[in-house]
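Taken in order, these protein sequences are the chains called A and B.
For the first sequence, counting from 1, position 126 maps to 106 in the working numbering; every step adds exactly one.
For the second sequence, counting from 1, position 27 maps to 64 in the working numbering; every step adds exactly one.
In this text, a Cβ means the ideal position worked out from N, Cα and C, and glycines have one as well.
Before any comments, here is the structure.
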Amino acid sequence: MQRYSFFSLARNALTAHKNWQAAWRSPPLRDRYDVIIIGAGGHGLAAAYYLAKEHGITDVAVLERGWLGGGNIARNTVTIRCNYLRDESIPFFEKSVRLYENLGRELNYNLMFSQRSMIDVVQTYPKMRDLRRRMLAMDIYGATYEPISVAEIRQRIPSLTGGGPESRLPIIGGMVHTDAGVCRHDAVAWGYARAADAMGVEMHQKTAVEKLLRGPDGRITGVSTNRGDIAANKVAVVVSGHTTTITDTIGLRLPLRTYNLTAFVSEPVKPLIDVVVNCPDSGFYLSQSDKGELVIGGATDPQQSFKRALKQSVTEDTVAGMLELFPAFKRLKMLRQWGGTLDFAHDASPIVSACEVPGLYLSCGWWGGFKAVPAGGLTLAHLVATDQPHPLIEPFSLKRFKRLDFILESGLTSSR
Amino acid sequence: MLVIPCPWCGDRHESEFICGGPTRPARPEGTDQLTDGEWVAHLTVSPNPAGFLSEKWWHAHGCGLWFTLERNTVTHEVRAISNEDDRGEEA
Chain A
-19 MQRYSFFSLA RNALTAHKNW QAAWRSPPLR DRYDVIIIGA GGHGLAAAYY LAKEHGITDV
41 AVLERGWLGG GNIARNTVTI RCNYLRDESI PFFEKSVRLY ENLGRELNYN LMFSQRSMID
101 VVQTYPKMRD LRRRMLAMDI YGATYEPISV AEIRQRIPSL TGGGPESRLP IIGGMVHTDA
161 GVCRHDAVAW GYARAADAMG VEMHQKTAVE KLLRGPDGRI TGVSTNRGDI AANKVAVVVS
221 GHTTTITDTI GLRLPLRTYN LTAFVSEPVK PLIDVVVNCP DSGFYLSQSD KGELVIGGAT
281 DPQQSFKRAL KQSVTEDTVA GMLELFPAFK RLKMLRQWGG TLDFAHDASP IVSACEVPGL
341 YLSCGWWGGF KAVPAGGLTL AHLVATDQPH PLIEPFSLKR FKRLDFILES GLTSSR
Chain B
38 MLVIPCPWCG DRHESEFICG GPTRPARPEG TDQLTDGEWV AHLTVSPNPA GFLSEKWWHA
98 HGCGLWFTLE RNTVTHEVRA ISNEDDRGEE A
């Protein structure tokens, strides 16, 4: 792997940047691998990277229906945080933040990671109580979540001029989460892909898995794709919203429902907000990108959907909530919009698990899965390599549904 | 944006309705005979097709009718409305 550095930049500048090595190879597709990962998104590529790095398993093919990093890793709002409620969730998501902190150096890829804090702006007392409970739970694990006064919120976010004492929902306080930050989402996919490729992992784009293949003993034997059948002893399904579309092909039923979550960005403006702002009572969150665009997200569509389109009613709700608190944004034009399909598990927590089909592994149920990419990949790789769950994801197995041992994480932002 | 054909009121804007989620299969008979897996599947697994899905809708800001419709989760096309009022069933 050609290392990126100031010197490599200078050296390549001398040859007019014509000699940069491709970030990853495009090898011919073979008909057998040790491990197949379906989905070259954040979690799939991270799992491939950790399989090679931590477990020495390099005979891995990552199959992608579209293009590498074109799914939800390209469709999120780049927020990384770990303000969760449950004893099972907090250590997992905190580990992910810790991995992100060093990831750019580890992958030799500029992730533009900026740990700029998130401020929750609270407008109702029930939400305040909920967040205080979160704070106390997180204190146990050393994650940072602290109360912040209205005056300090207004000082740190000067453009937050709404929500005064006369408004319908005045701001009553908030929380600041200093672990939180933003990170360039595409670079996470590309960085993992490049580093995994350097260790021998193969990525195959435009290779759509049509169905899973099982042997006479029920074990997984490979996948059938638009480019022919590929054999493998172990197959990991890491496809976000389309998990059930894949597992339906072998009759495996999962407690998942697919929803569309949308976001949009404004035209670029001068630096205005240097934290991630989350307003759970008004139903939106936003941050400002390095280019100056405001990246704005709200709730999911209210019904199951595989259609990745912005719904007018959902967008209107989000914008109306935002203008209550940021009336000046009324004059902003919106530039781009996008949607991504998420699969919510029955208890709104992720599933990283083996299942009743030997050799088949699942990583699904991620909403806000971007923040979980490093820890999700690390723990999935551990599971695939050793057939034992990593301690951090042991509670997130499919078995929890059998015991009705749910990890209820109705979320801070998008979960309904 | 969806236009939902309410069996009572006719075509109305989606914002008048609340989606009650997918139609769940009926409670299985003879629950003592079920395996844990079958019972848990009944409790937790919902249909999630990329295609037509049978759903409960509530005309909350209209006539108040609960009804069942089939909506395509990929295209949002709506078809096959049942016009019986099935209030009382758990959505």
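Check, Outcome
"Which of helix, strand or coil does DSSP assign to A/T124?", "coil"
"Chain A partners of B/E107, CB-CB under 7 angstroms?", "By Cβ distance, chain A contributes nothing, its closest Cβ being about 12 angstroms from B/E107, past 7 angstroms."
"Verify the CB distance criterion: does A/S394 have a CB-CB separation below 9 angstroms to chain B?", "Only weak support is given to the placement of A/S394: the predicted model assigns it a pLDDT of 42, under 50, and the value that follows is read from those uncertain coordinates. Not closer than 9 angstroms to any Cβ of chain B, the Cβ of A/S394 fails to qualify, so no."
"Kindly indicate which three-state DSSP category A/G272 falls into: helix, strand or coil?", "coil"
"Against chain E, does B/D48 count as a neighbour if the rule is that its beta carbon must be under 9 angstroms from one of theirs?", "Absent here is chain E; the protein component of the structure consists of chains A and B."
"Excluding sequence positions up to five away, which residues of its chain have a Cβ less than 6 angstroms from the Cβ of A/G19?", "V218, V219"
"Suppose contacts are defined by Cβ-Cβ distances below 9 angstroms. Is A/I53 in contact with A/H222 by that definition?", "no"
"Taking DSSP as the reference, what is the three-state secondary structure of A/T225?", "helix"
"Going along chain B, which residues have a C-beta under 7 angstroms from A/F471?", "No answer is possible for residue 471 of chain A: it lies beyond the span of chain A, which begins at -19 and ends at 396."
"Taking only runs of the beta strand (DSSP E) that begin and end inside the region 18 to 50 of chain A, which ones reach a length of at least 3 residues, in chain order?", "40 to 43"
"Would you call the region 163 to 179 of chain A in contact with the region 61 to 69 of chain A, where contact means no fewer than 3 C-beta pairs closer than 8 angstroms?", "no"
"Considering only C-alpha positions, which residue in the set A/S(-12), A/S246, A/T201, A/L372 is nearest to A/L312?", "A/S246"
"In chain A, which residues lie less than 7 angstroms from B/S52 when you measure between Cβ atoms?", "S293"
"Could you work out which residues of chain A lie near B/V111, taking near to mean beta carbons separated by less than 7 angstroms?", "F286, K287"
"Could you pull out every unbroken alpha helix (DSSP H) segment of at least 4 residues lying fully inside the region 136 to 187 of chain A, listed in chain order?", "165 to 178"
"Note down, in chain order, all residues in the region 225 to 238 of chain A with a beta-carbon under 9 angstroms from any beta-carbon belonging to chain B.", "T225, D228, R233, L234, P235, L236, R237, T238"
"Does the beta carbon of B/D69 sit closer than 9 angstroms to a beta carbon anywhere in chain A?", "no"
"By DSSP, does B/G88 sit in helix, in strand, or in coil?", "coil"
"Jot down the residue ranges of each uninterrupted beta strand (DSSP E) in the region 269 to 320 of chain A, minimum 3 residues, whole runs only, in chain order.", "274 to 280"
"Any beta carbon from chain B within less than 9 angstroms of A/L372's own beta carbon?", "no"
"Would you list, in sequence order, the uninterrupted beta strand (DSSP E) runs of no fewer than 3 residues that lie entirely inside the region 59 to 118 of chain A?", "98 to 102"
"Identify the continuous beta strand (DSSP E) that holds B/H50 and give its terminal residues.", "47 to 50"
"Is any beta-carbon of chain B found at less than 9 angstroms from that of A/L342?", "no"
"Could you confirm whether any beta carbon from chain A is found closer than 9 angstroms to the beta carbon of B/E66?", "no"
"Check whether the Cβ of A/L388 lies closer than 9 angstroms to any Cβ atom in chain B.", "no"
"From the DSSP output, in three-state form, read off A/A325 for me.", "strand"
"Identify each residue in the region 261 to 288 of chain A for which the Cβ-Cβ distance to at least one residue of chain B is less than 7 angstroms, and report them in chain order.", "P282, Q283, Q284, S285, F286, K287"
"At a CB-CB cut-off below 7 angstroms, which residues of chain B make contact with A/H326?", "T81"
"To the nearest angstrom, report how far apart A/G50 and A/G21 are at their CA atoms.", "7 angstroms"
"What is the DSSP secondary structure of A/E190, reduced to helix, strand or coil?", "strand"
"For B/M38, count neighbouring C-beta atoms within 10 Å of its own C-beta (all shown protein chains included) and say buried if the count is 16 or more, exposed if not.", "exposed"
"Please report whether the beta-carbon of A/L192 lies at a distance below 9 angstroms from any beta-carbon of chain B.", "no"
"When you compare the CB positions of A/R12 and A/A188, do they come within less than 9 angstroms of one another, or not?", "no"
"Take the Cβ of A/E190 as the centre, count every other Cβ of all protein chains shown within 10 Å, and call the residue buried at 16 or more, exposed below.", "exposed"
"Within the 9 angstroms Cβ cut-off, does A/H222 reach chain B?", "yes"
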